[in-house]
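Visitor: The following block contains the structure, expressed as structure tokens.
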Amino acid sequence: MVENNRWGNLFAHLVLILGVTIVVFPVYVAIIASTHPPGTFIRGVMPLLPGPNAIENYRIVITEGRSRAGTPPIGGMLWNSFVMAMAITIGKLSISLLSAFAIVYFRFPFRIFFFWIIFLTLMLPVEVRIVPTFQVVADLGMLNSFAGLSIPLIASATATFLFRQFFMTVPEELMEAARVDGAGPMKFFKDILMPLSITNIAALFVIMFIYGWNQYLWPLLITTDPEYYTIVMGIQRMVTGGDSEPLWHLVMATVVLAALPPILVILFMQRLFVKGLTETEK
Amino acid sequence: MASITMDNLGKVYTGNVRAVSDVNIDIADGEMIVLVGPSGCGKSTLLRMVAGLETITEGTLKIGDRVVNQLEPADRDIAMVFQNYALYPHMTVFNNLAYGLKNRGFKKDEIDRRVREAAAMLEIGQFLDRKPRQLSGGQRQRVAMGRALVREPAAFLFDEPLSNLDAKLRVQMRVEIRQLQKRLGTTSLYVTHDQLEALTMADRLVVLNGGRIEQIGTPMEVYLRPATTFVAGFIGSPAMNMLPAAYLRGLVAADALAHMPVAADLVGLRPEDLSLAPAGEGEIALTGQLMLLEPAGAESHLHLTFEGIRDTIVARLPDVPDVQEGSHLTFSIKRDKLHPFDQARGKRVA
Amino acid sequence: MQTKRMTFSNSWLPYALLAPQVIVTLIFFIWPASQALYQSFLRQDIFGLRTTFVWFDNFSRLFADPLYLNSLKVTFWFSVGTTVLSMSVALLFAVMVNRMIRSRDSYTTFLVWPYAVAPAIAGVLWWFIFNPSIGIMPYMLKGFGYDWNHRSSSTDAMILVIIAAAWKQISYNFLFFLAGLQSIPQSLIEAAAIDGASRFKRFWTIVFPLLSPITFFLMVVNVVYAMFDTFGVIHATTEGGPAQATNILVYKVYRDGFVNLNLGSSAAQSVILMAIVIVLTVIQFRYIERRVNY
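Protein chains in written order, with the working numbering: chain H, 855 to 1136; chain F, 29 to 378; chain L, 152 to 445.
Below, the structure written as structure tokens:
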């Protein structure tokens, strides 16, 4: 065993504590800022210790919003983000599971062709074909709707590849045994393959949920009706809505609320998240 | 219960890769047939063709009176025990056993009765609520057996079911499977690469090589009269020694080998037929130098070199003799224990 | 491409299973992409009344346009900066955390969650910290005699967006480096130690070379991230300014398409971006194939 020496360890701890501080600092600052009254931000440097206005600030953003700047109360935006994230996640998972199943467990004409069509989506992130995609969604009358927010984002080569890879590692004999036991394809999918994939599904769920929740450009284009604003894009409206300095205490309260759900998901499902992340890309 | 008839079965994969050719086997009702051969000999492919997991490209397969070539595995009335058991990892033992019955629409109490009966027979009754990963290798093996039993099929198919067990357990399960099969009287097809397993379990064994049948026969027939040099080398451990007939002819009086056909240019000698006793009536004597003595408790293996012979000759003695490595020893063997082969054709002559 | 050695035989089911994915892909991916390709050969007059086919004129105009060339340059420095900063910091953290036994999971917990923060929010957070009038960083920098202002200084603005973009990506790189470090057999390190290599030498001669596949993979992923996933960082903070200093390619596509309504040029830019992604994806996949054979 190559032992670690004590000074080395101490040094490593120091580096890490400093690192963690830097990594955590922005969010710490946001939380602190969200507890201060508006006046704090007019003069001098931003505070590093909590202020007295936490409850008041959060009450305002959650229930009132900033109607003047065109941002609705946050409650509604949080809900929209949640619906969008869930729709994208569930949509991605279901269509990827089905298509991976088809690609691995069947042989049929044009199989490779379909595989390449799915593969192409990996190469075409929404940002690079933003104008024509917007036009398609507009032509289909899907602006300002949850369908428009979610459906165009649910095709996922990554998830399909992950499931394909996982299905390839499922022992051949399980499917053979199931066939000897009289199970057809969909019965095998439902009774054997889905239960076996549950950890992978959960791991991808975490990744996809974060992906869906953090969508920014897409909702920015698809929604003009505040009814459908999501929280992440709503923040931008708050920051740039108006000529003066942003109302930092309210912006930061919103930032905290917007960042909280995905952070909680990661913290509570850390193991699944790490698995999902490192195995998707491998 | 049913007989199985393989009539000229063959398998050619796409790309003209041939895996199995001209297999004719009639398995009688209740018979245990063991397919044995080295890896890649086509034995698993043949079994999977019977199961319906590989399509049959040539010939006909009948289970009972039905031609089943085109039937789905589930419709062939067979049950299979897989090498890695293929237990459904997320289901309890009970559900593993019950799954096939559920899919076939059995009533709940009938399923329950059959599963408990099979579990009792295999002594896995107390594990019914566990998941496969909580079981030991031997217990998993029993569950895999149980899954086959509950179906009460016309035939059992075993695909190297013991190869994942340790040596001791393998012997134990070998006995149990054979006893169970005899008791139930279910027609069985059993695949293994282990010649000892084949000899001990089979009613008849089928030796396969390169996708073709080398020999079919009872264990003793195959052991005592191997039909080909391949079978001679594959069945029996240590393997049969092979000596050129010319070498033997040079050692002994011409009439001593008169009973051997002229075509025989290769002679096989089982290691256990060699003895240190002086050659008597009807025996011939061979002298070699002892290179290595391997004592194995109840028996010993002597590795010898014969002058002018490249291969090491092995003798298996029922005790451990008091001899020095390096010394020259003279062995005797009964003349009728010599196995004459035609080397070019690889076939036994007479 | 592989399937199982035995497959289900059903003539229509596989198509039905693929249908949802393929339909979504065709409508929202393939069709818009081909539209972009088509539009990149067209130009509309300023009133949007007439459309003419101009062959590669949109492309040649782009490469003659100093603004676009500037955007390419900006994107290059932004990608390099983000990749180098976040990967080196992440590698440092991963090496340190890998030494730990008991505290490994706690440190990991603290280091992974920025992954969950949206790029736009990451941008806003750092924008706040670096806010010239009330931010803590400019205040501290003033103590060193540096007058920070990302509203007027191009360099400051670039540094700001790089920090924001890199900060969010540290988690990702950290997790991969840590996984890579943990997959290096301890016996190799021990063998090197017996061969007399110092700790420092062991890292550079054994550990780092063994990490190189992961390092390469992360480089591609980080460049892709910096080029395509950082729209939010730019849009929520500098909006490409000051004076085009942070106008990266994806932001410019959006501006030219939706704000300046220059569809032909935006489409041509889309096509160039797609070409870049395709090249990067192919590189990435060659790498994955190599790993599989490893």
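Don't be surprised by glycine CBs; every beta carbon is placed ideally from N, CA and C.
Looking only at DSSP bridge pairs, what is residue 32 of chain F linked to?
Guide: F:55, F:91.
Visitor: I'd like the span of the alpha helix (DSSP H) that includes residue 249 of chain L, first residue to last.
Guide: 217-250 is the extent of the alpha helix (DSSP H) around residue 249 of chain L.
Visitor: Whose Cβ in chain F lies nearer than 8 Å to the Cβ of residue 1129 of chain H?
Guide: The premise fails here: residue 1129 of chain H is roughly 18 Å from chain F at the closest Cβ pair, so nothing lies under 8 Å.
Visitor: Quick check: the region 200-208 of chain F against the region 126-141 of chain F, are there 3 or more CB pairs under 8 Å?
Guide: They do not touch, by the three-pair rule.
Visitor: Taking CB distances under 8 Å as the criterion, tell me whether residue 233 of chain L reaches chain H.
Guide: Not an interface residue.
Visitor: Out of L:430, L:394, L:314, L:434, state which residue places its alpha-carbon closest to the alpha-carbon of residue 229 of chain L.
Guide: Among L:430, L:394, L:314, L:434, the Cα nearest to that of residue 229 of chain L is on L:314.
Visitor: Can you tell me the Cα-Cα spacing of residue 445 of chain L and residue 363 of chain L, whole angstroms?
Guide: Only weak support exists for where residue 445 of chain L lies, its pLDDT of 34 falling under 50; the coordinates are left without a value.
Visitor: Let me see if you follow: with CB-CB separation under 8 Å, is residue 1025 of chain H close to chain F or not?
Guide: Chain F contact via Cβ: present.
Visitor: Quick one: which chain H residues come within Cβ less than 8 Å of residue 286 of chain L?
Guide: Neighbours of residue 286 of chain L on chain H, chain order: 899, 900.
Visitor: If you scan the region 1079-1128 of chain H from start to end, which runs of the beta strand (DSSP E) of 3 or more residues do you find wholly inside it?
Guide: With a minimum length of 3 residues, no continuous beta strand (DSSP E) run stays inside the region 1079-1128 of chain H.
Visitor: Does the distance from the C-beta atom of residue 1033 of chain H to that of residue 100 of chain F stay below 8 Å?
Guide: Yes, the pair counts as a contact, with Cβ atoms nearer than the cut-off.
Visitor: Pair every Cβ in the region 160-174 of chain L with every Cβ in the region 942-954 of chain H, then say whether three or more of these pairs are closer than 8 Å.
Guide: Yes, since at least three Cβ pairs between the region 160-174 of chain L and the region 942-954 of chain H fall closer than 8 Å, the two stretches touch.
Visitor: Cutting at 6 Å between CB atoms, please list the residues of its own chain near residue 222 of chain L, excluding the five before and the five after it.
Guide: Contacts found: 398, 400, 403.
Visitor: Quick one: which chain H residues come within Cβ less than 7 Å of residue 118 of chain F?
Guide: Under the 7 Å cutoff, chain H gives 1049, 1050.
Visitor: Residue 299 of chain F: beta carbon under 7 Å from a heavy atom of the ligand NAP?
Guide: You won't find the ligand NAP in this model; it holds no ligand whatsoever.
Visitor: For residue 293 of chain L, count the other beta carbons within 10 Å of its own beta carbon; 16 or more makes it buried, fewer makes it exposed. Which is it?
Guide: Exposed: under 16 other Cβ atoms inside 10 Å.
Visitor: Within the chosen definition, does the region 287-302 of chain F reach the region 364-372 of chain F through at least 3 CB pairs nearer than 8 Å?
Guide: Contact between the region 287-302 of chain F and the region 364-372 of chain F is present, because at least three Cβ pairs lie under 8 Å.
Visitor: I need the straight-line Cα distance from residue 1066 of chain H to residue 373 of chain L, nearest angstrom please.
Guide: If you take the alpha carbons of residue 1066 of chain H and residue 373 of chain L, they lie about 20 Å apart.
Visitor: What is the DSSP secondary structure of residue 383 of chain F, counted as helix, strand or coil?
Guide: Because chain F spans 29 through 378 in this model, residue 383 of chain F falls outside it and cannot be assessed.
Visitor: If you measure from the beta carbon of residue 127 of chain F to each beta carbon in chain H, is any gap under 8 Å?
Guide: Judged by the 8 Å Cβ criterion, residue 127 of chain F is in contact with chain H.
Visitor: Output the distance between the C-alpha atoms of residue 967 of chain H and residue 957 of chain H, rounded to the nearest integer angstrom.
Guide: Taking the straight line from one Cα to the other gives about 11 Å.
Visitor: By Cβ distance, which residues of its chain are closer than 8 Å to residue 380 of chain L, with the 5 residues on each side in sequence left out?
Guide: Here the set comprises 270.
Visitor: Quick check: residue 215 of chain F and residue 183 of chain F, are their CB atoms within less than 8 Å of each other?
Guide: Result yes, Cβ atoms of residue 215 of chain F and residue 183 of chain F sit closer than 8 Å.
Visitor: List the residues of chain H that residue 101 of chain F touches, going by C-beta distances under 7 Å, in chain order.
Guide: Within chain H, the residues near residue 101 of chain F are 1033, 1034.
Visitor: May I have the straight-line CA-CA distance separating residue 915 of chain H from residue 1079 of chain H, to the nearest angstrom?
Guide: When rounded, the distance between both Cα atoms is 18 Å.
Visitor: Would the region 965-985 of chain H count as touching the region 1067-1078 of chain H if we require 3 or more Cβ pairs under 8 Å?
Guide: Contact holds: three or more Cβ-Cβ distances are below 8 Å.
Visitor: If we define contact as Cβ-Cβ less than 8 Å, is residue 150 of chain F a contact residue for chain H?
Guide: With 8 Å as the cut-off, residue 150 of chain F does not count as an interface residue toward chain H.
Visitor: Show which residues of chain F have a CB atom less than 8 Å away from the CB atom of residue 1041 of chain H.
Guide: Result: 131.
Visitor: With 8 Å as the threshold, decide whether the Cβ of residue 1030 of chain H is near any Cβ in chain F.
Guide: Yes, its Cβ sits closer than 8 Å to a Cβ of chain F.
Visitor: Which residue comes first and which comes last in the beta strand (DSSP E) that contains residue 274 of chain L?
Guide: No beta strand (DSSP E) contains residue 274 of chain L, which is instead part of the alpha helix (DSSP H) from 270-280.
Visitor: Could you tell me which chain H residues have their CB closer than 8 Å to the CB of residue 108 of chain F, listed as they occur along the chain?
Guide: Those are 1030, 1031, 1034, listed as they occur along chain H.
Visitor: Write down the C-beta distance between residue 233 of chain F and residue 250 of chain F rounded to the nearest angstrom, noting that I regard them as a contact closer than 8 Å.
Guide: That belief holds up - the Cβ atoms of residue 233 of chain F and residue 250 of chain F are roughly 6 Å apart, short of 8 Å.
Visitor: DSSP has residue 187 of chain F in a bridge; who is on the other side?
Guide: Per DSSP, F:219.
Visitor: What is the residue span of the alpha helix (DSSP H) that residue 162 of chain F lies within?
Guide: Neither: residue 162 of chain F is in no alpha helix (DSSP H) and is coded neither H nor E.
Visitor: Between residue 1136 of chain H and the rest of its own chain, which residues show a CB-CB distance below 7 Å, the 5 nearest in sequence each way excluded?
Guide: Residue placement at residue 1136 of chain H is flagged as unreliable, the pLDDT there being 41, under the threshold of 50; a coordinate-derived value is accordingly withheld.
Visitor: Compare the beta carbon distance of residue 296 of chain F and residue 269 of chain F with 8 Å and say whether it is the shorter of the two.
Guide: Against a cut-off of 8 Å, the Cβ pair of residue 269 of chain F and residue 296 of chain F comes out as a contact.
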